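What follows is one structure encoded as structure tokens, with my remarks underneath.
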Amino acid sequence: MKVIPSKILYIDLSRRRFWIEDRKELFEEWVGGSGVAIKLLEEECPKNANPLEPENPIIFAVGPFTGFYPIASKTVAMFKSPLTGNLGESHCGGRSALAIRMAGYGAIVIKGASETPVYLAIHGEKAYFREASAIWNMANSYTVGRILRDREPGAGARTIMRIGRAGEKLISYACVVTETYRHFGRLGLGAVFGSKKLKAIVVSGRRSLPLVDPKAYREIYKEIFTLLVESPSMKKYHELGTSMNVNPLNELKALPTRNLKEANFDEAEKISGESFAKDFLGRRLACAHCPVSCIHLAALRMPYDSEPYFYKTKMISYDYETIYSLGSMIGIGNPKELLKLLDEVEALGLDAISTGVALAWATEAQEKGLISINETNGLNLKWGDAETYLKAIRFLVNQVNDFYKALGKGIEYASNIYGGKEFALAFGGNEMPGYHTGLAAHLGFLIGSRHSHLDCAGYSIDQKIVATGKKSTIEELTEELINEEAWRQILSSLVICFFARGIYKPELIIKAFKPLGMEFTEDSLKKIGRKILKAKYEFKVREGFKLNKLRIPERIFQTSAPAGEILKESIAKALSLAEEKLTNLP
Amino acid sequence: MIACNRRFGEAGVAKSSIHVRSAGGIERGFIVLVCRACIDPPCMKVCPTNALSKRIGGGVILNSSKCVGCKLCVNACTIGAIFWDEENEKPVICVHCGYCVDYCPYNVIRMEEIS
Ligand code: SF4
Ligand code: SF4
Ligand code: SF4
């Protein structure tokens, strides 16, 4: 017996039908998560599909370790991205993964579109199409969560995914918020929800999963649990969270600042993980079935404008990436102002990275006279001016004029119209993550299938170069990036939180599969990883992606990076090498 | 929850007798629901078939073969610490074994003798 998720819940929003299929072979061959999702995307998404038409499917997939092992706590979403026009892939924790598996599924496929606002309630075997007109266009995604929490059963073992106004307005980088503080953030899943008039999805279930060898399971569980709890790096994630990186990256001069005009922010200390922990930390949270709990919430007391001595206290989540994008990248060094921006972005359901980078580009474009107050709707965007940025974010989500409409399609698109491409920091159409460490980081953004820092972690290669002074050749670098990305396909198919990548090594994974009745070798796992990466790359190419056509923003050559000068020739060479390697992945 | 379920040689949450849910949204934090081992257990008193008997040291012991699945005990527990096993249509009741305690890295739960 093999214990593997096999059931897929199919939902057709157009016909308001659902059915369940058993696809055991699919999970056997492609593991789960990213592997299964890319195959389902190939099946369900027609070539050249319009990302915002009913033909674009939404796939959610969890993996064989979900519900079994700690920190296997993420769900993979796949869709065609409205931001990049090719592969949309986003990972999210919260309770999403556990809830999907406990409801009995390995994957959920959502097709078609509803004519009127709808939300889906999936409780075990049953799916319900529920009226969502009353919660459509609600100002705050927190409120939507609160309402669904009261209306739906399954407290404690359920996930509530929902979009905010940004998704309804089809902003290309709208996110899906789950459990208030976790997100399917990047690449615009929120807009795909919006295009389907799908406001939210609630999933709940309570079941147990059989085992082939319960005794071995308990032992290996204990081993993994102990590793996780005792690992010093996990302790750091718990203490400070990802924002522990603000100070070190700033000291390294790798923290993109003011649209990467600089890579060092004079006010970084004030918005560092240490400062937030000391002055604002109100609560730590974990995704379901994770002992680490890296999620940090700041408690911010805000006065009401209307009345003296009248306050509300808000819990606002912060992370390294969001501190970078809505902090240093737009020159915000005041932690309270930064939290207000984070809160607004959460309430509206925007991807925080893309939003910050878009504001940074717009600020510089206005500085350079490429756009004026006619475009900005009367605003003078200034580094560090949070009040004005708050207004800009609302104009963006309300799509008040052509400029904000263009900005809502991403800066690749907006800079095509208004100019300023040299400093439009998007890679493959996706706005830049917060690492200006060197060549490897930027190469990773370019060749990674999601154009994300998490694809192949180039920044950590750069940091190694800085620490040891040992440089690699372009060939070695490209090889290393692609190998890392291929291996991560296994993690994202199981689906393990990447923060535990140092613990879930091949040997451990092989051991953990045994009580589930499955045998792998390191080689067989790595081979599957390459196969998944190849399938993702092929999907991108099918949808018109070309590595050698990628635009490289000039700015990255102008601002010096700690791992050494970044040369155009090196990037060009690496891109052609990468193309060859990805095309010929075994 | 998952630790508790593991005692039964299965993964998942269906047989867990400890439950965690948010206190009205996770921004408010969490509530851990678990039997507190009443000395005079209200759940036992309502059981029509005497499937529940007093446990030494507090709480109750379930005799599954006597249980008819009426759910009266679920409603009788004031703190909501009896859960329902949908797969077997029987209540899930804490046996106070303390297995879960080892899997709480932040010392939220612990075992204590009550007098
Ligand atoms: S380490 Fe953080 S993101 Fe990863 S599963 Fe745990 S709480 Fe979630
Ligand atoms: S569900 Fe079973 S144990 Fe509970 S009151 Fe009814 S018969 Fe007794
Ligand atoms: S289940 Fe509830 S009523 Fe029964 S002994 Fe435990 S706490 Fe008391």
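First to last, the protein sequences are chains A and B. Each residue of the first sequence is one higher than the one before, starting from 871 at the first, in the working numbering. Each residue of the second sequence is one higher than the one before, starting from 18 at the first, in the working numbering. We put the CB at the ideal spot given by N, CA and C, even for glycine. Predicted model, so just to flag it, every value in this text is computed and none were measured.
- prompt: Does the beta carbon of A/HIS1053 come closer than 9 Å to any beta carbon on chain B?
  reply: Along the first sequence, one-based indexing puts residue 1053 of chain A at 183. Chain B has no Cβ within less than 9 Å of the Cβ of A/HIS1053.
field: Minimum length 4: unbroken alpha helix (DSSP H) runs contained in the stretch 1276-1351 of chain A
entry: The qualifying runs are 1281-1288, 1309-1317, 1323-1326, 1328-1338.
task: Within its chain, find whatever has a CB closer than 8 Å to the CB of A/PHE1383; leave out the 5 residues flanking it on each side and keep chain order.
output: The count along the first sequence starts at 1 and reaches residue 1383 of chain A at position 513. Counting only residues of its own chain and dropping the five nearest sequence neighbours on each side, A/PHE1383 has a CB closer than 8 Å to the CB of PRO934, GLU1389, PHE1390.
query: When you compare only the Cα positions, how much space is there between B/LEU89 and B/ALA98?
result: Along the second sequence, read from residue 1 onward, the residue named residue 89 of chain B stands at position 72. Along the second sequence, read from residue 1 onward, the residue named residue 98 of chain B stands at position 81. Cα to Cα, the separation comes out at about 13 Å.
query: What residue range is occupied by the uninterrupted beta strand (DSSP E) comprising A/MET1008?
result: Translated into the one-based positions of the first sequence, residue 1008 of chain A becomes position 138. Counting along the chain, A/MET1008 falls outside any beta strand (DSSP E), and DSSP gives it neither H nor E.
Cut-off 7 Å between Cβ atoms - residues of its own chain near A/GLY1226, not counting five sequence neighbours on either side: Looking up residue 1226 of chain A in the first sequence gives position 356. Closer than 7 Å at the Cβ level, and outside the excluded window around A/GLY1226, lie SER1195, LEU1196, MET1199, ILE1200.
- prompt: So, are the CB atoms of A/TYR1107 and A/VAL1162 less than 9 Å apart?
  reply: Working through the first sequence from its first residue, we reach residue 1107 of chain A at position 237. Working through the first sequence from its first residue, we reach residue 1162 of chain A at position 292. Their beta carbons are under 9 Å apart, which means A/TYR1107 touches A/VAL1162 by this criterion.
field: Exposure label - A/GLY1239; buried when at least 16 CB within 10 Å
entry: As a first step, residue 1239 of chain A is located in the first sequence; it is residue number 369 there, counting from the start. Exposed: under 16 other Cβ atoms inside 10 Å.
- prompt: So which residues on chain A does B/GLY29 lean against when the C-beta distance must stay under 7 Å?
  reply: Indexing the second sequence from 1 puts residue 29 of chain B at position 12. Result: GLY937, MET972, ARG1077, SER1078, LEU1079.
Continuous alpha helix (DSSP H) stretch holding A/TRP900: start and end: Locating residue 900 of chain A in the first sequence gives position 30, counting from the first residue. 894-900 is the span of the alpha helix (DSSP H), which, as asked, contains A/TRP900.
- prompt: Roughly how many whole angstroms lie between the Cα atoms of B/CYS117 and A/GLY1015?
  reply: Position 100 of the second sequence, counting from 1, holds the residue named residue 117 of chain B. Position 145 of the first sequence, counting from 1, holds the residue named residue 1015 of chain A. Going by the C-alpha atoms only, they are around 30 Å apart.
query: Once you ignore the five residues that flank A/ALA991 on each side, which residues in its own chain have a CB closer than 6 Å to its CB?
result: The residue given as residue 991 of chain A occupies position 121 in the first sequence. Result list for A/ALA991: TYR998, ARG1000, GLU1022, VAL1072, in chain order.
query: Should A/CYS1157 be counted as a contact of ligand 1 given a C-beta to heavy atom distance under 8 Å?
result: Taking the first sequence and counting its residues from 1, the one referred to as residue 1157 of chain A is at position 287. Indeed, a heavy atom of ligand 1 lies less than 8 Å from the Cβ.
- request: Answer with buried or exposed for A/ASN956, where buried requires no fewer than 16 other C-beta atoms within 10 angstroms of its C-beta.
  value: Counting from one through the first sequence, the residue named residue 956 of chain A turns up at place 86. So A/ASN956 counts as buried.
task: Kindly examine ligand 2 and report whether one of its heavy atoms sits closer than 8 Å to the Cβ of A/GLY905.
output: Start at 1 with the first residue of the first sequence, and residue 905 of chain A comes out as number 35. For ligand 2, not one heavy atom lies less than 8 Å from the Cβ of A/GLY905.
message: Mapping the DSSP letters down to three states, classify A/TYR1407 as helix, strand or coil.
response: Position 537 of the first sequence, counted from the start, is the residue given in the question as residue 1407 of chain A. It is helical.
message: Quick check on A/GLU1377: does DSSP put it in helix, strand or coil?
response: For the purposes of this step, residue 1377 of chain A is taken as residue 507 along the first sequence, with counting starting at 1. Three-state DSSP puts A/GLU1377 in a helix.
task: Taking the CB atoms as reference points, tell me whether A/ILE1041 and A/VAL1267 lie closer together than 9 Å.
output: Counting from 1 along the first sequence, the entry for residue 1041 of chain A is found at position 171. Counting from 1 along the first sequence, the entry for residue 1267 of chain A is found at position 397. Yes, they are a contact pair.
message: Based on DSSP bridge pairs, tell me the residues matched to A/SER950.
response: Along the first sequence, read from residue 1 onward, the residue named residue 950 of chain A stands at position 80. Note on residue identity: the sequence assigns Lys, not Ser, to residue 950 of chain A. Partner residues in the beta bridge of A/LYS950, as assigned by DSSP, are A/LEU957.
message: My assumption, with CB atoms under 8 Å, is that A/ALA983 sits in contact with A/LEU883. Please give the rounded CB distance.
response: Numbered from its first residue, the first sequence carries residue 983 of chain A at position 113. Numbered from its first residue, the first sequence carries residue 883 of chain A at position 13. For a cut-off of 8 Å, the C-beta gap from A/ALA983 to A/LEU883 is around 5 Å, short enough to register as a contact.
- request: Using only the heavy atoms of ligand 3, determine whether one of them is closer than 8 Å to the beta carbon of B/ARG45.
  value: Working through the second sequence from its first residue, we reach residue 45 of chain B at position 28. No, ligand 3 has no heavy atom inside 8 Å of this Cβ.
- request: Could you check which residue in B/LEU79, B/ARG38, B/LEU50 has the C-alpha nearest to that of B/ASN67?
  value: Position 50 of the second sequence, counted from the start, is the residue given in the question as residue 67 of chain B. When only C-alpha atoms are compared, the closest one is B/LEU79.
field: Beta-carbon proximity list for A/ALA1294, same chain, < 7 Å, skipping 5 on both sides
entry: Numbered from its first residue, the first sequence carries residue 1294 of chain A at position 424. Closer than 7 Å at Cβ, skipping near neighbours: TRP1231, ILE1281, GLU1282, SER1285, PRO1423.
- prompt: Distance, Cα to Cα, B/CYS94 vs B/SER33?
  reply: Here residue 94 of chain B refers to the residue found at position 77 when the second sequence is read from its first residue. Here residue 33 of chain B refers to the residue found at position 16 when the second sequence is read from its first residue. Cα to Cα, the separation comes out at about 16 Å.
DSSP-derived helix/strand/coil call for A/ARG1076: Residue numbering aside, residue 1076 of chain A sits at position 206 when the first sequence is read from its first letter. In this structure, A/ARG1076 counts as coil in the three-state DSSP scheme.
- prompt: Applying the criterion that 16 or more other CB atoms from any shown protein chain within 10 Å of the CB defines a buried residue, is B/ILE73 buried or exposed?
  reply: Against the second sequence, residue 73 of chain B aligns to sequence position 56. Here B/ILE73 is exposed. Its C-beta has fewer than 16 other C-beta atoms within 10 Å.
message: Among the candidates B/ALA31, B/GLY75, B/ARG24, B/CYS87, whose CA atom is the shortest distance from the CA of B/ILE56?
response: Position 39 of the second sequence holds residue 56 of chain B. It is B/GLY75.
query: Cβ-heavy atom distance between A/TYR1107 and ligand 4 below 8 Å?
result: Questions concerning ligand 4 fall outside what the structure shown contains, since the ligands it does hold are ligand 1, ligand 2 and ligand 3.
query: Closer than 8 Å: is that where the CB of B/PRO65 sits relative to any heavy atom of ligand 3?
result: Indexing the second sequence from 1 puts residue 65 of chain B at position 48. Checking the Cβ of B/PRO65 against ligand 3 gives no.
field: Residue environment, A/GLU913, which counts as buried when at least 16 other CB atoms sit within 10 Å
entry: Here residue 913 of chain A refers to the residue found at position 43 when the first sequence is read from its first residue. With a threshold of 16 other beta carbon atoms within 10 Å, A/GLU913 falls short and is exposed.
query: Within 9 Å (strictly less), CB to CB, does B/ILE43 reach chain A?
result: What you label residue 43 of chain B is simply residue 26 of the second sequence in a count that begins at 1. Among the CB atoms of chain A, one or more fall inside 9 Å of the CB of B/ILE43.
- request: Identify, in the order they occur along the chain, each residue of the same chain with its Cβ nearer than 7 Å to the Cβ of A/LEU1155, setting aside the five sequence neighbours on each side.
  value: Within the first sequence, residue 1155 of chain A is the residue found at index 285, counting from 1. Excluding the 5 residues flanking it on each side, A/LEU1155 has same chain C-beta neighbours closer than 7 Å at TYR1051, SER1163, ILE1165, LEU1167, in chain order.
task: Would you decide whether A/LEU1018 is buried or exposed? Buried here means 16 or more other CB atoms lie within 10 Å of its CB.
output: Indexing the first sequence from 1 puts residue 1018 of chain A at position 148. By the 10 Å Cβ count, A/LEU1018 comes out buried.
- request: Report yes if the C-beta distance between A/SER960 and A/GLY1055 is below 9 Å; otherwise report no.
  value: In the first sequence, the residue the question calls residue 960 of chain A occupies position 90. In the first sequence, the residue the question calls residue 1055 of chain A occupies position 185. Against a cut-off of 9 Å, the Cβ pair of A/GLY1055 and A/SER960 comes out as a contact.
message: Quick check on the DSSP output: what are the complete beta strand (DSSP E) runs of length 3 or more inside the stretch 1001-1046 of chain A, in order along the chain?
response: Qualifying beta strand (DSSP E) stretches, in chain order: 1028-1032.
message: By the 8 Å beta-carbon criterion, what residues does the stretch 1199-1229 of chain A contribute toward chain B?
response: If the cut-off is 8 Å between Cβ atoms, the stretch 1199-1229 of chain A has nothing near chain B.
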